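One structure is given here, and the rest of the page talks about it.
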Amino acid sequence: MKNLLSMEHLTNRELISIILRAEEFERGEQHNLCRSYNVANLFFEPSTRTSTSFEMAERKVGCTVIPFDASFSSALKGESMYDTVKTLEMIGIDAVVIRAKEEAYYNELLEGINVSVINAGDGAGQHPSQSLLDLYTIHKEFGQFDGLNVTIVGDISHSRVAKSNAIALRNLGVNVRFLCPQEWAGDFEAHHSWDGLLEDSDVVMLLRVQHERHENNKNFSKESYHEQYGLTVEREARMKKGSIIMHPAPVNRDVEIASELVECERSRIFDQVRNGVFIRMAILESILKGREINDEVHSKYSIAR
Amino acid sequence: MKNLLSMEHLTNRELISIILRAEEFERGEQHNLCRSYNVANLFFEPSTRTSTSFEMAERKVGCTVIPFDASFSSALKGESMYDTVKTLEMIGIDAVVIRAKEEAYYNELLEGINVSVINAGDGAGQHPSQSLLDLYTIHKEFGQFDGLNVTIVGDISHSRVAKSNAIALRNLGVNVRFLCPQEWAGDFEAHHSWDGLLEDSDVVMLLRVQHERHENNKNFSKESYHEQYGLTVEREARMKKGSIIMHPAPVNRDVEIASELVECERSRIFDQVRNGVFIRMAILESILKGREINDEVHSKYSIAR
Amino acid sequence: MKNLLSMEHLTNRELISIILRAEEFERGEQHNLCRSYNVANLFFEPSTRTSTSFEMAERKVGCTVIPFDASFSSALKGESMYDTVKTLEMIGIDAVVIRAKEEAYYNELLEGINVSVINAGDGAGQHPSQSLLDLYTIHKEFGQFDGLNVTIVGDISHSRVAKSNAIALRNLGVNVRFLCPQEWAGDFEAHHSWDGLLEDSDVVMLLRVQHERHENNKNFSKESYHEQYGLTVEREARMKKGSIIMHPAPVNRDVEIASELVECERSRIFDQVRNGVFIRMAILESILKGREINDEVHSKYSIAR
Chain A
1 MKNLLSMEHL
11 TNRELISIIL
21 RAEEFERGEQ
31 HNLCRSYNVA
41 NLFFEPSTRT
51 STSFEMAERK
61 VGCTVIPFDA
71 SFSSALKGES
81 MYDTVKTLEM
91 IGIDAVVIRA
101 KEEAYYNELL
111 EGINVSVINA
121 GDGAGQHPSQ
131 SLLDLYTIHK
141 EFGQFDGLNV
151 TIVGDISHSR
161 VAKSNAIALR
171 NLGVNVRFLC
181 PQEWAGDFEA
191 HHSWDGLLED
201 SDVVMLLRVQ
211 HERHENNKNF
221 SKESYHEQYG
231 LTVEREARMK
241 KGSIIMHPAP
251 VNRDVEIASE
261 LVECERSRIF
271 DQVRNGVFIR
281 MAILESILKG
291 REINDEVHSK
301 YSIAR
Chain B
1 MKNLLSMEHL
11 TNRELISIIL
21 RAEEFERGEQ
31 HNLCRSYNVA
41 NLFFEPSTRT
51 STSFEMAERK
61 VGCTVIPFDA
71 SFSSALKGES
81 MYDTVKTLEM
91 IGIDAVVIRA
101 KEEAYYNELL
111 EGINVSVINA
121 GDGAGQHPSQ
131 SLLDLYTIHK
141 EFGQFDGLNV
151 TIVGDISHSR
161 VAKSNAIALR
171 NLGVNVRFLC
181 PQEWAGDFEA
191 HHSWDGLLED
201 SDVVMLLRVQ
211 HERHENNKNF
221 SKESYHEQYG
231 LTVEREARMK
241 KGSIIMHPAP
251 VNRDVEIASE
261 LVECERSRIF
271 DQVRNGVFIR
281 MAILESILKG
291 REINDEVHSK
301 YSIAR
Chain C
1 MKNLLSMEHL
11 TNRELISIIL
21 RAEEFERGEQ
31 HNLCRSYNVA
41 NLFFEPSTRT
51 STSFEMAERK
61 VGCTVIPFDA
71 SFSSALKGES
81 MYDTVKTLEM
91 IGIDAVVIRA
101 KEEAYYNELL
111 EGINVSVINA
121 GDGAGQHPSQ
131 SLLDLYTIHK
141 EFGQFDGLNV
151 TIVGDISHSR
161 VAKSNAIALR
171 NLGVNVRFLC
181 PQEWAGDFEA
191 HHSWDGLLED
201 SDVVMLLRVQ
211 HERHENNKNF
221 SKESYHEQYG
231 LTVEREARMK
241 KGSIIMHPAP
251 VNRDVEIASE
261 LVECERSRIF
271 DQVRNGVFIR
281 MAILESILKG
291 REINDEVHSK
301 YSIAR
């Protein structure tokens, strides 16, 4: 694996192997990289958990992290993503983790760039490391995926998490259902009420209401969203035995979910954050190991690069 | 000590033990932590000396520092302090150093958070690591506290340094006096002229005039403040033999203190900065050592956490 | 060498010794510093390549880098450069790398500061590490400097790169010519057309058009600049055999240079970035080695500092 750009590029086999490696890291295994790699994190949008999670994972697989302040970089002078990443390559960076506003920004990095690219969110596109940690969280809970019912609730059309997860979960045999207001469904077929969804869901996966997107919409109120689509205390009580609650966070308390449920027994919301570090270690190791093997082949056969 | 939130929570015994440990670090002793801990610095307000001082101290006690850019974090998306710190806990952070605008922001972190919290300034509240370095500076100079005269000059009512220091110094037997314009005294009893204060002060402790607070006040002028309350060259000449000048910095030169006095023989202003690193090493070691012992107890007796 | 502030302070001998050391680093030699030094990077203006290049070089010579966020520091509270750098000295920083808007900002750091200062750009002044990497790039290509023709193209009067390079190159026996619109020549004698310059140039060194400076100028258009002063595909075809193209970057594609030429065979634009890391390792090692020797002398003869 040279890059991790989208869940669509991962086979079930690759995906499962990342999950199983994360499990080993969680049990305390050490990474198997032969040298320290140089990485940089390019976050062009605010982030706490994704950026700190990558920072931690990078150190745990022995990387040197070169700070990059996206809000104070030459991107301000109009430099293209290609020129920025090529520059980092020449400086000696082996892999970059990028979050950017532009969907599929990485397309301009596919040709001519030797640095590995890990997509940490591209606009309303994909967020594969989040998807993988979600899958890992489900895997830890149920041991397998086939036949599970997963209900994804929220702004489906703008959610990179919803899209990444739906693709991967369906490929793994999961029955994925969407629940959202009509205007947030986009091209997806969605339910518009909880009726019939709560009682058989193994996983209720809530999405963050992006107030930035909806604040000018007079028809939107937090209270009525919570009442119609939120996971209320009353709804949680009706959930299936052994079922779990997930949310990529940050949570809008009392909007997507009642504040008192955020750390309830069923909730895996903070566990997801914990799982994210192990998943990102597995992603980084897999990508950097690939570079190692590549380096060896090149040096053995003296292939010009 | 799990957290360091306010000087009010420290006994004289704890406080003295931190000062003595700082002295050992200054003499070149190494920290006694058994492993590398993960820390993050959450500065929601601008800072140079406090943040770089903690960064340096953290490395000197063997910590891994995970960068956290407060001005580019999910706090922008409205995430609460609790959710931010809980997230960092799940990522594997052992201790956070926080500076925030909100007084006593840490109250929401007392329940449910396992990460250790070091308060690096809470609005007009407390700034305990600054207080401890001030005490260390006085201790280095005079060898003891009992009976010293300390005059604190400036915006007492808005100064977290003034409050933290006054509490601790009085507990240690110091005679603390305040000097400031009437409107800056708040609930404190204060002098409004230098008369009788200069000649017997062992320590003149100047506070920074926070221009952000006073710039819209037409009655305030830098020149007249300097003339009435500033430490002028003429006033310095009248100071007691062996007495010292302190200031938490950044200094407004020629406002709180004449520019040529900032590095005069009596001034300990830059020494305070130097002392801060040793004090923060002592704080970090004490808190992280506490976690170590706790970890051992838990693993020995297999207590579920 | 205690500081690196301006090319004007470097003798040819010092300059060549830095270039030769960079060459050794590029061949894989390790640094010869006896301990880990503490450095901080103070970038008061946006930067990608210079800041990440220094970050990488610092780690490669074994430094500990203490993060400093210029846009969130006490400089915002009006702290002077002297007080900021003195503070970092007291915290234990050995060397600072500074980029600032103010020309010759370092003059206030020459007295009373013990930290070593590396100028990473002072307004329209100098940018010596960029100059040295440019010289290294030319040296790698031609093996020597004497008698080479170098044409520098662009906003000469505002370019710190142009000035730093012209001084150094002329001292090394290079024939330096400027090409720019009349209003960008400043006090320099410049050509205003490519006539006669292309065919005998060993190096065409393009400068970045600083749109920030020219955007309000109605007479300036990117298209006409490219046509008159840009390196077009047609002009590149007329360049001398073995000649090279340089640019300090970030490049405005299709303004200073046709986009398809940025990575053409003649272009050394991304090589310059690569060379910068080795040059900065050599600069850092030279400056920190100087501190080491100084430390030894002081400790041997017990000279108070």
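Residue numbers (the UniProt record's numbering), protein chains in the order written: chain A, 1 to 305; chain B, 1 to 305; chain C, 1 to 305. Every residue gets a Cβ at the ideal spot worked out from N, C-alpha and C, and that includes glycine. Please read these numbers as outputs of a predicted model, since none were measured by experiment.
Tell me Ile118 (chain A)'s beta-bridge partners as DSSP assigns them.
A:Leu4 and A:Val97
### Query
Are the beta-carbon atoms belonging to Asn165 (chain B) and Asp134 (chain B) less than 7 angstroms from one another?
yes
ask   = In or out: Lys218 (chain A) buried (at least 16 other Cβ within 10 Å) or exposed?
value = exposed
- Query: Of all the options A:Ala95, A:Ser201, A:Ser47 and A:Tyr82, which has the alpha carbon lying nearest to the alpha carbon of Ala104 (chain A)?
  - Reply: A:Tyr82
- [ ] Tell me Ala191 (chain B)'s beta-bridge partners as DSSP assigns them.
- [x] Looking at the sequence provided, one finds His at residue 191 (chain B) rather than Ala. BP columns for His191 (chain B) point to B:Leu179.
Legend entry - Separation of Lys240 (chain A) from Ser201 (chain A), as counted between CA atoms: A direct Cα-to-Cα measurement between Ser201 (chain A) and Lys240 (chain A) gives close to 7 angstroms.
message: Can you tell me where the alpha helix (DSSP H) holding Asn12 (chain B) begins and where it ends?
response: Asn12 to Glu26
Practice item. Answer with yes or no whether the minimum CB distance from Glu55 (chain C) to chain A is below 7 angstroms. Key: yes
- If we call anything under 7 angstroms between Cβ atoms a contact, is Val96 (chain A) one with Leu42 (chain A)? Yes, the Cβ-Cβ distance between Val96 (chain A) and Leu42 (chain A) is below 7 angstroms.
> So is Thr52 (chain C) in contact with chain A if we call contact Cβ pairs under 7 angstroms?
Replying inline: Answer yes: the Cβ-Cβ gap between Thr52 (chain C) and chain A drops below 7 angstroms somewhere.
Margin query: I'd like to know if Met81 (chain B) contacts chain A, where contact means its C-beta is closer than 7 angstroms to some C-beta of that chain.
Written below: no
query = To the nearest angstrom, how far is it from the Cα of Ser17 (chain B) to the Cα of Asn294 (chain B)?
reply = Each residue's alpha carbon lies about 20 angstroms from the other.
*Quick one: what does DSSP say Ser267 (chain C) is sitting in, helix, strand or coil?*
strand
Limits of the alpha helix (DSSP H) - the one that Leu169 (chain B) falls within: Arg160 to Asn171
- Message: Suppose the cutoff is 8 angstroms on Cβ atoms and the five residues either side in sequence are ignored; what does the same chain contact list for Cys264 (chain A) look like?
- Response: Glu236 and Ile245
- [ ] Could you have a look at Phe68 (chain C) and say whether DSSP puts it in helix, strand or coil?
- [x] DSSP places Phe68 (chain C) in coil when its eight states are reduced to three.
Taking 6 angstroms as the limit between beta carbons, can you name the residues of its chain near Asn275 (chain C), skipping five residues before and five after?
If we look at Asn275 (chain C) and ignore the five residues flanking it on each side, its Cβ neighbours are Leu133, Tyr136 and Thr137.
(message) To the nearest angstrom, how far is the alpha carbon of Phe72 (chain A) from that of Ser47 (chain C)?
(response) 7 angstroms
Starting from Phe43 (chain B), follow its DSSP beta bridges and name the residues at the other end. B:Arg99
Q.
Just to confirm before moving on: does the CB-CB distance between residue 306 (chain C) and Lys77 (chain A) stay below 7 angstroms?
A. The structure shown does not extend to residue 306 (chain C), since chain C spans only 1 to 305, so no value can be given for it.
Assuming contact is defined by CB atoms lying nearer than 7 angstroms, are Val209 (chain B) and Val255 (chain B) in contact in what I supplied? Going by C-beta atoms, Val209 (chain B) is nearer than 7 angstroms to Val255 (chain B).
Delimiting residues of the alpha helix (DSSP H) encompassing Ile138 (chain C): Pro128 to Phe142
Helix, strand or coil: which one does DSSP assign to Ile303 (chain C)?
-> For Ile303 (chain C), the predicted model reports a pLDDT of 45, less than 50, meaning its position is unreliable and no value from the coordinates is stated.
Step through the CB atoms of chain A and report whether any lies within less than 7 angstroms of the CB of Glu248 (chain C). Contrary to the premise, residue 248 (chain C) reads as Pro rather than Glu in this sequence. Not one chain A Cβ lies under 7 angstroms of Pro248 (chain C).
| query | Between the segment 270 to 285 of chain B and chain C, which residues of the former have CB atoms less than 7 angstroms from a CB of the latter, in chain order? | reply | Phe270, Val273, Arg274 and Val277
Opposite Met81 (chain B) in the DSSP bridges: which residues? None, per the DSSP bridge assignment.
Note to self: Please classify Glu234 (chain C) as buried or exposed, where buried requires at least 16 neighbouring CB atoms within 10 angstroms.
What the structure shows: exposed
ask   = Taking C-beta to C-beta, are Ile66 (chain B) and Thr52 (chain A) nearer than 7 angstroms?
value = Cβ atoms of Ile66 (chain B) and Thr52 (chain A): closer than 7 angstroms.
**Asked** Phe72 (chain A) CB to nearest chain C CB: under 7 angstroms?
**Response** yes
Check your understanding: Taking the alpha-carbon positions, what's the Trp184 (chain A) to Ser74 (chain B) distance?
Key -> 23 angstroms
* Would you call the segment 13 to 32 of chain A and the segment 266 to 273 of chain A in contact, with 3 or more CB pairs under 8 angstroms? -> no
Check your understanding: Is it right to say Leu5 (chain B) is buried, meaning 16 or more other beta carbons lie within 10 angstroms of its own, or is it exposed?
Key -> Result: buried.
Q: Check whether the Cβ of Ile138 (chain B) lies closer than 7 angstroms to any Cβ atom in chain A.
A: no
Extent of the continuous alpha helix (DSSP H) to which Met239 (chain B) belongs: Per DSSP, Met239 (chain B) belongs to no alpha helix (DSSP H) and is neither H nor E.
task = Have a look at the DSSP bridge pairing and note the partners of Asn38 (chain C).
result = C:Thr64
Next item on the list: Grab me the residues of Ile303 (chain C)'s own chain with a C-beta within less than 6 angstroms of its C-beta, minus the 5 sequence neighbours each way, in chain order.
Entry: Reliability of the predicted coordinates at Ile303 (chain C) is poor, the pLDDT of 45 falling under 50, and the value obtained from them is presented with this limitation in mind. Listed in chain order, the non-local C-beta contacts of Ile303 (chain C) below 6 angstroms within the same chain number zero, local neighbours out to five positions each way being set aside.
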